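Numbering (this note's numbering), first residue to last: 36 to 217. Virtual Cβ for every residue (Gly too), placed ideally from N, Cα, C. Computed from a predicted model, the values in this text were never measured in an experiment. Down below is the structure, laid out as structure tokens.
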């Protein structure tokens, strides 16, 4: 696998080696020792999650606060999304900045999002199946969201606003200025 650090320290794109032949393909999606060597050995994934969404669904920007913060390793099993990580670490030089990466079943890329980030994605294909590992369990009382269209962040979503499908939670999320940060 190739590990590529993005312009925001701690956020990594991981590109697997894919072996294809007439039968299909094979690839490793995760190897602890390689992950530790590139990203760090203090991350232990405790849960895998999966979601399925239709074109135009925007999920996020979500995070968990305090001791329930989560690091995530995300990928797309079917379809295509624009995946976004927003730096909420006040001490960071990139506080309030974001990284956007296209993840798809074709490019087979993964994105590692460390603790201290809000995360979200927009579905760009007819449907998408999204899978992710987290290093901390979900705690409803620690859940938080920032508006997907917050002007202080300025994410350039590739889905027209009138085509977006959003949950009530995401429509009513806090602004970046009012969000609890790290």
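Please name the residue, chosen from the options, that lies closest to residue i on a Cα-to-Cα basis.
i, options, result
"residue 48", "183, 160, 192 and 120", "120"
"residue 132", "37, 41 and 36", "41"
"residue 100", "194, 108, 57 and 172", "172"
"residue 80", "58, 96, 190 and 104", "104"
"residue 190", "112, 75 and 134", "134"
"residue 76", "53, 149, 130 and 118", "149"
"residue 112", "204, 160, 206 and 216", "160"
"residue 102", "177, 206, 207 and 194", "177"
"residue 216", "118, 126, 108 and 58", "126"
"residue 60", "39, 46 and 140", "140"
"residue 204", "175, 194, 108 and 192", "175"
"residue 45", "89, 108, 208 and 206", "108"
"residue 74", "39, 208, 114 and 207", "39"
Could you please give me the residues that DSSP links to residue i through a beta bridge?
i, result
"residue 94", "156"
"residue 162", "89"
"residue 135", "119"
"residue 59", "56"
"residue 50", "37"
"residue 111", "165"
"residue 197", "Note: residue 197 sits in no beta bridge, so no partner."
Grab me the residues of residue i's own chain with a C-beta within less than 6 Å of its C-beta, minus the 5 sequence neighbours each way, in chain order.
i, result
"residue 85", "166"
"residue 199", "91 and 93"
"residue 83", "168"
"residue 87", "164"
What does a CB cutoff of less than 8 Å around residue i pick up in its chain, not counting 5 residues either side in sequence?
i, result
"residue 196", "184"
"residue 28", "The requested residue 28 does not occur in the structure, where the chain is confined to residues 36 to 217."
Report yes if the CB atom of residue i is closer than 7 Å to the CB atom of residue j, and no otherwise.
i, j, result
"residue 98", "residue 157", "no"
"residue 163", "residue 116", "yes"
"residue 155", "residue 95", "yes"
"residue 106", "residue 170", "yes"
"residue 182", "residue 210", "yes"
"residue 37", "residue 50", "yes"
"residue 43", "residue 129", "yes"
For residue i, which residues of its own chain have a beta-carbon under 7 Å away from its beta-carbon, when the five flanking residues on both sides are left out?
i, result
"residue 52", "36 and 62"
"residue 213", "none"
"residue 78", "106 and 170"
"residue 193", "117, 157 and 159"
"residue 136", "48, 118, 144 and 146"
| task | Say whether the region 122-142 touches the region 54-68, bearing in mind that this needs 3 or more beta-carbon pairs closer than 8 Å, one atom from each stretch. | result | no
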